[in-house]
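Residue numbers (our numbering), protein chains in the order written: chain A, 176 to 432; chain B, 176 to 432. Beta carbons: idealized from backbone N, C-alpha and C, even for Gly. Everything numeric in this text was worked out from a predicted model, so none of it was measured.
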DNA sequence: TTTTGTCTTCTGTCATAACAGTATCAAAAT
DNA sequence: ATTTTGATACTGTTATGACAGAAGACAAAA
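Shown next, in the form of structure tokens:
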């Protein structure tokens, strides 16, 4: 356990915000923090055995990634997405992953294409198993993990580290919001991901792009509608003001040197 | 000036990290902090009249956006991009802005299309004026501002707030790195942006996408080559280890609830 | 001349504690 | 019964100061 600088015990000096970041993120992703539940920096700091400062730094990162929202003197809670939030996430996912698909179709080697084919086949099989056993929670976990890993592997093999990181950050948000409505969604075709991998494995970047776009868009509207119900049932008592373009829209870019 | 809580003077309680963020960012974007120059949190805190904590929060944001790099017990400095960094930025820019172009061609109204046509014509004119007066620094500033504003306006009219914010964050990085090599770059066609706006104003999203892609890619290789020289002349004495995929690649996404 | 060790001074990190908003709820007033 | 007021118990914020690690200066030893 981390210690106090006033006395002599201070073991973990290395990366305490990272430790907090990982802990909180996992709590969110595993559902121990439900959508909309409040989190206290003080309690978290006590639980993690550190002060509020590294915890606040971790929370700031999570806020920037969109998982958490915080109001200055009021509180911090797991962000409940609105409908435009979800739509935006679909749009960004489409932009980033279609780009990854293009690059994959251009640059991936034979071994990588084969690996993805196998992953996709296994994932499609898992989907079928899950449809046959709708109440098995462990299967839901398995399918989701495999799904994420397939998409991340594609972006990894795109060869662009920054693109890969952006996709990961975006997909974390996306899948976290989506997790609550597995089961409510209409089923996907039996070769859903195998077809995708086949398409992006062709040497035609435009085809790969198009295939990934339709893949991402697949029953997007149904998902948005299901999500809206969940979002509505979580109370929006103190939703943060998040309307209009709060950004600077380029006016800050004053290169007047 | 912000004060001390121990005595009675504490005027600006509102958003001190934001204030620091804006100040630092502007210093970088206007070139008062050169690429690779070290910045001290203590000095900055003293200059801004606040403690190190809000300054550190601002710096953390800038690190996450890629403008700054920081090594735990060593120092903080303006990040010097490597060649893969630049390539990645091009890739991400292409992905995001082509998506914005698609959405614009689908959703923008007549008034917005006209506004962009006018902005583009003016920008093209500015480029010609700058080519005629290569030594006018004020012109460089003007052209860059207009350029950024055109691109930001397109993404604004895409209707997706999150997409717009991502593009802004990415473009800030991009143009900041590019700023040092205006003049070294080959000139751009005389109707460069008017042609772009015309293409994305068509009702064909695919055409808009393609036009934006070629626009972003325009003399990309030349830019990367020029940038490499500048990056090399800045010493890379203590470059942070930034190799390999340091991300978690989806393995953190354990939905085991 | 080169190397090595130590000392100084810089860096970022973080726990503590005082601070200032905000919400909640009960008591008082209308 | 409804509204207003007040106290209290939270919330995030941030200045202060102590701390550990890294780098540079410089003298002593090889």
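| Asked | Found |
| --- | --- |
| Evaluate residue 401 of chain B with the Cβ neighbour count: other Cβ atoms within 10 Å of its Cβ, from every protein chain shown; 16 or more gives buried, anything less gives exposed. | buried |
| Using DSSP's beta-bridge definition, name the partner residues of residue 199 of chain B. | Answer by DSSP bridge pairing: none, since residue 199 of chain B is not bridged. |
| Spell out the partners DSSP gives residue 246 of chain A in its beta bridges. | A/250 |
| May I have the straight-line CA-CA distance separating residue 202 of chain A from residue 208 of chain A, to the nearest angstrom? | 6 Å |
| Suppose the cutoff is 8 Å on Cβ atoms and the five residues either side in sequence are ignored; what does the same chain contact list for residue 393 of chain A look like? | 363, 367 |
| Rounded C-beta distance between residue 350 of chain A and residue 319 of chain A? I'm assuming under 8 Å. | 7 Å |
| Less than 8 Å separating the beta-carbons of residue 376 of chain A and residue 231 of chain A? | no |
| Grab me the residues of residue 306 of chain B's own chain with a C-beta within less than 7 Å of its C-beta, minus the 5 sequence neighbours each way, in chain order. | 362 |
| In chain order, which continuous runs of the alpha helix (DSSP H) of length 4 or greater are located wholly inside the segment 307 to 368 of chain B? | 312 to 331, 336 to 353 |
| What is the rounded straight-line gap between the Cα of residue 269 of chain B and the Cα of residue 196 of chain B? | 27 Å |
| Residue 209 of chain B by DSSP, collapsed to three states: which one? | coil |
| Go ahead and label residue 221 of chain A buried or exposed: buried means 16 or more other beta carbons lie within 10 angstroms of its beta carbon, across all protein chains shown. | exposed |
| Only counting the same chain, and skipping five residues up and downstream in sequence, which positions put a Cβ closer than 8 Å to that of residue 258 of chain A? | 399, 402, 403, 406 |
| Check whether the segment 330 to 339 of chain B and the segment 249 to 256 of chain B are in contact - that is, three or more C-beta pairs closer than 8 Å. | no |
| Tell me whether residue 255 of chain B sits in a helix, a strand or coil according to DSSP, three-state version. | coil |
| Should residue 293 of chain B be labelled buried (16 or more other beta-carbon atoms within 10 Å of its own) or exposed? | exposed |
| From residue 388 of chain B to residue 395 of chain A, what does the alpha carbon distance come to, in whole angstroms? | 25 Å |
| Determine the direct distance from the alpha carbon of residue 342 of chain B to that of residue 391 of chain B, and round the result to whole angstroms. | 13 Å |
| Please report the Cβ distance between residue 355 of chain B and residue 219 of chain B, rounded to the nearest whole angstrom; I am assuming they are in contact, meaning their Cβ atoms lie under 8 Å. | No, residue 355 of chain B and residue 219 of chain B are not in contact; Cβ-Cβ is about 23 Å, not under 8 Å. |
| If contact means a Cβ-Cβ distance below 9 Å, which residues of the segment 223 to 236 of chain B contact chain A? | 228, 231, 232, 235, 236 |
| Which whole-angstrom value is the C-beta distance of residue 277 of chain A and residue 374 of chain A, which I expect to be below 8 Å? | About 12 Å separates the two Cβ atoms, so there is no contact after all. |
| Starting from the beta carbon of residue 269 of chain A, find every residue of chain B whose beta carbon is closer than 7 Å, and list them in chain order. | 274 |
| Is it the case that the Cβ atoms of residue 226 of chain A and residue 234 of chain A are separated by a distance below 8 Å? | no |
| Taking the alpha-carbon of residue 321 of chain A as reference, which of A/301, A/282, A/256, A/308 has the nearest alpha-carbon? | A/301 |
| Which word fits residue 304 of chain B, buried or exposed, when buried means at least 16 other C-beta atoms lie within 10 angstroms of its C-beta? | exposed |
| Would you say residue 433 of chain B faces chain A, with C-beta separation under 8 Å as the test? | There is no way to answer for residue 433 of chain B, as the model of chain B reaches only from 176 to 432. |
| At a Cβ threshold of 8 Å, is residue 266 of chain A touching chain B? | yes |
| Note down, in chain order, every chain B residue with its Cβ under 9 Å from the Cβ of residue 210 of chain A. | Ordered by position in chain B, no residue passes the 9 Å Cβ test against residue 210 of chain A, which lies about 12 Å from the chain. |
| Can you pull out the residues from the segment 195 to 210 of chain A whose beta carbon lies closer than 9 Å to at least one beta carbon of chain B? | 197, 200, 201, 204, 205, 206, 207 |
| Beta-carbon within less than 7 Å of residue 273 of chain B's beta-carbon, same chain only, minus the 5 sequence neighbours each way: which residues are those? | 384, 387, 388 |
| Against chain A, with Cβ distances strictly below 8 Å, would residue 335 of chain B count as a contact? | yes |
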